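Trainee: Count along the sequence shown starting at 1, add 55, and that's the number in the working numbering.
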Amino acid sequence: MTGERMKAVRKTLMLSQQQFAETLKINASAVSQMETGKIKPSLDTLFVLTKTYGIDLHWLITGQGSMYESAKAAKVAPATDRLDELQTILSNQLNEIISTKDDLRKNDVIDIPVTGEIAAGLPVEALNTELDVLTVRKNMINGKLEEYVCLKVNGHSMEPEIRHNDVILIRQNQDWDQLSGKICAVRIDGSITLKKMTLDASKKMIVLVALNEEYQPIIVRPDEHQDVNLIGYLFFLFRKLS
């Protein structure tokens, strides 16, 4: 840390914090806080320190190299050059921090393909075509990525909660009893729809209810269809703000 190297300079010069502060034109408490890392020294403070004691600026900022500049360099280096050097070093460090944060962000996200549309109205034919890519944080995904299906909403039957063109993440689950009462993706004869699913076991039928009161419930009797499957439940909704 820069503060630790400032302390090393002061100790090498055998100065008290008060004496050091007077030279740097700051108060002794500021020196103490800089040395312990509670605050960072300003550019002006670093410039005064390097100019006054011939301290190597690169070493002071990075810890690399030697504490002192050569006697020749200390005498001939113009103040503007030293300030430019300081600004260059700080700029490089800032770029490294930004680059590191960007790498962490890239490692923290995952791309999920939007593989088709799901009807918010009458069931539509299921697609297996990548329409778009949804980027989400990895910590949003519980379990394996293969357990999820990402679809684009087509229709208005689930408004206002779920709107046309919203992108939804469905977590696959085929337990009808467990998901009864939840918003689910259901496939009927090859077409899929998004509705609030209620299982009526006594009547051997499935009731698919729209959130939009203008749409009538869909009654599904499995024995009347070749294919009735529960894909899963609504796990997350993504909406682009216009």
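Don't be surprised by glycine CBs; every beta carbon is placed ideally from N, CA and C. This one's a predicted model, so the numbers in the text were calculated from it and none came from an experiment.
Whole angstroms are fine: how far does the CA of D111 sit from the CA of A132?
Mentor: Reading the sequence shown from its first residue, position 77 is the one you call residue 132. Reading the sequence shown from its first residue, position 56 is the one you call residue 111. Note on A132: pLDDT 48, under 50, position unreliable in the model; the coordinate value appears next. Whole-angstrom Cα-Cα distance: 11 Å.
Trainee: Return the chain-ordered list of same chain residues with a C-beta closer than 6 Å to the C-beta of L224, the five sequence neighbours on each side being excluded.
Mentor: Counted from its first residue, the sequence shown places residue 224 at position 169. Cβ neighbours of L224 beyond the five flanking positions: Y203, C205, F290, F291.
Trainee: Whole angstroms is fine: what's the gap from L115's alpha carbon to M61's?
Mentor: Taking the first residue of the sequence shown as position 1, residue 115 is located at position 60. Taking the first residue of the sequence shown as position 1, residue 61 is located at position 6. Distance between the alpha carbons of L115 and M61 is about 7 Å.
Trainee: Given a cut-off of 8 Å on the beta-carbon distance, is the pair I217 and I247 in contact?
Mentor: Within the sequence shown, the letter at position 162 stands for residue 217. Within the sequence shown, the letter at position 192 stands for residue 247. No, Cβ-Cβ distance for I217 and I247 is not below 8 Å.
Trainee: What does the alpha-carbon distance come out to for the pair P272 and V222?
Mentor: Along the sequence shown, one-based indexing puts residue 272 at 217. Along the sequence shown, one-based indexing puts residue 222 at 167. Their backbone Cα atoms lie some 23 Å apart in a straight line.
Trainee: Label G171 either buried or exposed according to how many other C-beta atoms from any shown protein chain fall within 10 Å of its C-beta, with 16 as the threshold for buried.
Mentor: Along the sequence shown, read from residue 1 onward, the residue named residue 171 stands at position 116. Classification of G171: buried, given that the 10 Å Cβ count is 16 or more.
Trainee: Name the residue from N209, K250, P168 whose alpha carbon lies nearest to the alpha carbon of T201.
Mentor: Walking along the sequence shown from the start, residue 201 turns up at place 146. Inspection of the sequence shows that residue 201 is occupied by Glu rather than by Thr. Checking every option, the nearest Cα to that of E201 belongs to P168.
Trainee: What's the C-alpha gap between I94 and A85?
Mentor: Here residue 94 corresponds to residue number 39 of the sequence shown, with the count starting at 1. Here residue 85 corresponds to residue number 30 of the sequence shown, with the count starting at 1. One C-alpha to the other measures close to 8 Å.
Trainee: If you follow the beta strand (DSSP E) that I225 is part of, which residue opens it and which one closes it?
Mentor: As a working mapping, residue 225 is identified with position 170 in the sequence shown. First-last of the beta strand (DSSP E) with I225: 222 to 227.
Trainee: Relative to the alpha-carbon of K59, which residue among H219, G120, G92 has its alpha-carbon at the smallest distance?
Mentor: Working through the sequence shown from its first residue, we reach residue 59 at position 4. Correcting the residue identity first, residue 59 is Glu in this sequence and not Lys. Among H219, G120, G92, the Cα nearest to that of E59 belongs to G92.
Trainee: Take V283 as the anchor and find which of L296, L254, F293 has the nearest alpha-carbon.
Mentor: If you number the sequence shown from 1, residue 283 lands on position 228. Residue L254 is the option with its Cα nearest to V283.
Trainee: Between the Cα of M252 and the Cα atoms of V262, K106, Q229, which residue gives the shortest distance?
Mentor: Working through the sequence shown from its first residue, we reach residue 252 at position 197. Checking every option, the nearest Cα to that of M252 belongs to V262.
Trainee: Pull the bridge partners of P168 from the DSSP assignment, please.
Mentor: Within the sequence shown, the letter at position 113 stands for residue 168. In DSSP, P168 forms a bridge with V188.
Trainee: How would you write the range of the beta strand (DSSP E) that I253 sits in, first residue to last?
Mentor: In the sequence shown, residue 253 corresponds to position 198, counting from 1. Per the sequence presented here, residue 253 reads as Thr, with Ile not at that position. Element bounds for T253: 246 to 255.
Trainee: At the level of alpha carbons, what is the spacing between K127 and K106?
Mentor: Against the sequence shown, residue 127 aligns to sequence position 72. Against the sequence shown, residue 106 aligns to sequence position 51. With a pLDDT of 40 at K127, under the threshold of 50, the modelled position of that residue is not reliable, and the figure given next carries that caveat. Those two C-alpha atoms are separated by around 13 Å.
Trainee: Under 8 Å, Cβ to Cβ, is there at least one residue of chain C near L200?
Mentor: Note that chain C does not occur in the displayed structure, where there is just one protein chain.
Trainee: Are the CB atoms of K193 and D163 nearer to each other than 8 Å?
Mentor: Here residue 193 refers to the residue found at position 138 when the sequence shown is read from its first residue. Here residue 163 refers to the residue found at position 108 when the sequence shown is read from its first residue. For K193 and D163, yes; Cβs fall inside 8 Å.
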